[in-house]
Amino acid sequence: MKICRVEKPLVATNRIPGLEHRHLQVVLDGKSRLVAVDAVGCTPGDWVLCVGSSAAREAAGHKDYPSDLTIVGIIDHWPED
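Okay, so the sequence shown: first residue is 1 according to my numbering, each after it adds one.
Written as structure tokens, this is what we have:
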């Protein structure tokens, strides 16, 4: 798992089948920007837990789902250092 911060939503109108109704978020992992499937309904500024690899596909809805990073939880309290 990774702890990331949600920066902003990502809008992509042309998507492959199966990805049409999933929200995407730009998340910051340190200084790297990544795109994650939002499985929990987070908002910009939230600290979140993300999973990758096969866990990301399962968390997004199915093992054949095309995701390598999925947000699985919103952290209630995370002190910014």
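Where a beta carbon is used, it is the ideal one built from N, C-alpha and C, also for glycine.
What number of angstroms, rounded off, separates the C-alpha of Ala59 from the C-alpha of Val72? Whole-angstrom Cα-Cα distance: 7 Å.
Do you know offhand how far Ser67's Cα is from Ile75's? When rounded, the distance between both Cα atoms is 21 Å.
Going by DSSP in three states, Ser32 sits in which element: helix, strand or coil? Note: Ser32 maps to strand in three-state DSSP.
Burial state of Leu28, where buried means 16 or more other Cβ atoms lie within 10 Å: Within a 10 Å sphere around the beta-carbon of Leu28 sit fewer than 16 other beta-carbons, which makes this residue exposed.
Roughly how many whole angstroms lie between the Cα atoms of Cys50 and Ala36? Each residue's Cα considered, the two are about 8 Å apart.
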